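Participant: Can you keep this structure in mind? I'll have questions shortly.
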Amino acid sequence: MILVTGGTGLVGAHLLYHLLKKGRNVIALKRKTSDISKARLVFGFYGEDAQELFKKIKWIEGDLLDYESLVQALDNVSVVYHTGALVSFNPALKDEMMQVNEEGTANIVNACIEKRVGKFCFVSSIATMGNSKNGEYIDEMSYWQGGRNHSAYSISKFRSEMQVWRAVNEGLNAVIVNPSVIIGPGDWDNGSAKIVKTVYKGLKFYTPGSTGFVDVRDVVKAMITLTDSEVSAKRFLLNGANLSYKSFFNMLAHALHVKPPALEAGKFLTGLAWRYEKARNLLFGTEPLITKDSARTSLKTTNYSGEAIKDEVDYSYTPIEKTIKDTAKCFLETNF
Numbered sequence: 001m002i003l004v005t006g007g008t009g010l011v012g013a014h015l016l017y018h019l020l021k022k023g024r025n026v027i028a029l030k031r032k033t034s035d036i037s038k039a040r041l042v043f044g045f046y047g048e049d050a051q052e053l054f055k056k057i058k059w060i061e062g063d064l065l066d067y068e069s070l071v072q073a074l075d076n077v078s079v080v081y082h083t084g085a086l087v088s089f090n091p092a093l094k095d096e097m098m099q100v101n102e103e104g105t106a107n108i109v110n111a112c113i114e115k116r117v118g119k120f121c122f123v124s125s126i127a128t129m130g131n132s133k134n135g136e137y138i139d140e141m142s143y144w145q146g147g148r149n150h151s152a153y154s155i156s157k158f159r160s161e162m163q164v165w166r167a168v169n170e171g172l173n174a175v176i177v178n179p180s181v182i183i184g185p186g187d188w189d190n191g192s193a194k195i196v197k198t199v200y201k202g203l204k205f206y207t208p209g210s211t212g213f214v215d216v217r218d219v220v221k222a223m224i225t226l227t228d229s230e231v232s233a234k235r236f237l238l239n240g241a242n243l244s245y246k247s248f249f250n251m252l253a254h255a256l257h258v259k260p261p262a263l264e265a266g267k268f269l270t271g272l273a274w275r276y277e278k279a280r281n282l283l284f285g286t287e288p289l290i291t292k293d294s295a296r297t298s299l300k301t302t303n304y305s306g307e308a309i310k311d312e313v314d315y316s317y318t319p320i321e322k323t324i325k326d327t328a329k330c331f332l333e334t335n336f
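Pasting the structure below:
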């Protein structure tokens with residue numbers, strides 16, 4: 001039996017579909033307040049037959065912060081995929097992110113050790129990787145560097161990873177994947193899928209930075225392949241392509257049949273934007289569209305290498321052009 005955390009999120013929902021398609025028996029952990037319709041939406045992108053697979057998911061209530069609920073959920077479970085996390089660049093959520101991401105990961109790995117789970121796969125992030133110096137590619141050997149320029153999310157995921165490595169030293173058979181910006185159909189109002197809706201509605205500005213992008217299907221494929229393999233106690237950066245934000249937005253806008261953003265927003269404009277959003281948040285309690293952390297990230301030029309996984313398992317990436325076209329097609333088909 002397989003347990004998946006974060007099954008209503010982007011990676012978790014796509015993972016559930018592909019596991020069920022392979023005929024695996026799956027349990028999905030959800031909180032009492034979780035909306036499983038978000039996972040059903042993702043299954044819908046795979047066609048009408050996918051809804052029959054969705055019915056095979058056994059949803060059980062539990063919470064990453066409730067250790068006993070995790071121990072109970074792991075009865076007869078041999079494999080765990082931990083995708084559950086709080087993702088935000090909003091500094092106001094720092095304490096909650098630390099609790100959910102770090103403490104929640106500590107709880108699930110401890111429960112896995114107690115219940116003698118056979119294999120554990122953790123979805124981390126490129127946010128835990130080191131910074132690029134002189135434009136060289138960041139890979140698995142690029143280690144975290146301390147300092148004040150890390151977002152609260154980045155710190156929480158780094159600490160989460162440390163909990164997994166600690167558990168590995170205590171005997172847990174685990175692998176970690178570190179995806180770059182994940183692209184694929186999902187909840188168009190949240191996470192990276194929201195980028196698609198934002199561009200469709202008429203994004204006016206782009207920033208001069210660049211980053212890595214990866215297809216959600218490739219992330220899921222890597223997770224399943226690594227977990228099914230003998231690979232253990234290793235992490236793998238997953239990155240299909242490095243693109244400037246301008247190039248990415250242009251490709252996405254073209255696939256959506258809308259105008260691409262035409263104005264470059266440098267340090268001055270992004271500085272004004274995050275300060276305005278911070279003031280709006282303080283006055284009205286609204287979620288900021290851009291924060292100091294996300295503004296700083298959007299100005300950086302960073303390149304990633306996702307090639308190391310190919311030395312361990314049979315693996316290839318989807319061309320980024322196809323990823324963008326497929327995602328845009330899903331958006332257009334489900335919004336009109």
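Taking the UniProt record's numbering, the leading residue of the sequence shown gets 1, the next gets one more, and so forth.
Glycine included, each C-beta is placed from N, C-alpha and C at the ideal position.
Just so you know, these numbers come straight off a predicted model, no measurement behind them.
Can you give, in chain order, each stretch of the beta strand (DSSP E) that sits fully within the region 34-111 and has at least 3 residues?
Facilitator: Runs of the beta strand (DSSP E) inside the region 34-111: 58-61, 79-82.
Participant: Under the rule that 16 or more other beta-carbon atoms within 10 Å means buried, what is residue 207, buried or exposed?
Facilitator: It is buried - the Cβ of residue 207 has at least 16 other Cβ atoms within 10 Å.
Participant: What's the C-alpha gap between residue 35 and residue 59?
Facilitator: Straight-line Cα distance between these residues: approximately 11 Å.
Participant: Hey, how far is the Cα of residue 316 from the Cα of residue 24?
Facilitator: Each residue's alpha carbon lies about 23 Å from the other.
Participant: Let me make sure I understand the geometry here. Which of 151, 93, 213 has the alpha-carbon closest to that of residue 192?
Facilitator: Looking at the Cα atoms, 213 is the closest of the given residues.
Participant: When burial is assigned at 16 or more other CB atoms within 10 Å of the CB, is residue 157 buried or exposed?
Facilitator: Buried is the call here.
Participant: What three-state label does DSSP hand residue 29 in the structure shown?
Facilitator: In the structure shown, residue 29 sits in a strand (DSSP, three-state: E or B).
Participant: Would you say residue 188 reaches chain D, if we count a Cβ-Cβ gap shorter than 8 Å as a contact?
Facilitator: The structure shown contains no chain D; it holds only a single protein chain.
Participant: Just to confirm, are residue 38 and residue 13 a CB contact at a threshold of 8 Å?
Facilitator: Contact flag set, yes.
Participant: Among 256, 175, 244, which has the Cα closest to the Cα of residue 198?
Facilitator: When each option's Cα is compared against that of residue 198, the closest is 256.
Participant: Assign residue 142 to one of two classes, buried (16 or more other C-beta atoms within 10 Å of its C-beta) or exposed (fewer than that).
Facilitator: Buried is the call here.
Participant: Tell me the residue span of the alpha helix (DSSP H) that contains residue 166.
Facilitator: Looking at the DSSP string, the run of the alpha helix (DSSP H) that includes residue 166 is 152-169.
Participant: Looking only at its chain, what residues have a beta carbon closer than 6 Å to the beta carbon of residue 244, apart from the 5 residues adjacent to it on each side?
Facilitator: 210.
Participant: Can you find the residues in the same chain that come closer than 8 Å, C-beta to C-beta, to residue 249, ignoring five residues on each side of it along the sequence?
Facilitator: 199, 203, 206, 260, 261.
Participant: Does residue 13 come out as helix, strand or coil in the three-state DSSP assignment?
Facilitator: Helix, per DSSP.
Participant: Just to confirm, are residue 237 and residue 139 a CB contact at a threshold of 8 Å?
Facilitator: In contact: residue 237 and residue 139 (Cβ atoms closer than 8 Å).
Participant: Are the CB atoms of residue 226 and residue 313 within a distance shorter than 8 Å?
Facilitator: In this structure, residue 226 lies closer than 8 Å to residue 313 by Cβ.
Participant: For the beta strand (DSSP E) that contains residue 5, what are its first and last residues?
Facilitator: From DSSP, the beta strand (DSSP E) with residue 5 extends over 2-5.
Participant: Grouping DSSP H, G and I as helix and E and B as strand, with all else coil, what is residue 115?
Facilitator: If DSSP states are grouped into helix, strand and coil, residue 115 belongs with coil.
Participant: Here's the rule I'm using: 16 or more other beta-carbon atoms within 10 Å means buried, otherwise exposed. How should residue 229 be labelled?
Facilitator: Residue 229 is exposed by the Cβ-count criterion.
Participant: Do residue 42 and residue 121 come within 8 Å of each other at the CB atom, strictly closer than that value?
Facilitator: No, the Cβ-Cβ distance between residue 121 and residue 42 is not below 8 Å.
Participant: Determine the direct distance from the alpha carbon of residue 267 to that of residue 84, and round the result to whole angstroms.
Facilitator: Each residue's alpha carbon lies about 33 Å from the other.
Participant: So, under 8 Å CB-CB, residue 109 and residue 167 are touching, yes? Tell me the CB distance rounded to an integer number of Å.
Facilitator: Confirmed, about 4 Å.
Participant: Have a look at 310, 303, 183, 18 and flag the residue whose alpha-carbon is nearest the alpha-carbon of residue 328.
Facilitator: Taking only the C-alpha atoms, the option nearest residue 328 is 183.
Participant: Taking just the CA atoms, how far does residue 55 sit from residue 48?
Facilitator: Computed Cα separation, rounded: 12 Å.
Participant: On the three-state DSSP scale, how would you describe residue 212?
Facilitator: Residue 212: strand per DSSP, three-state reduction.
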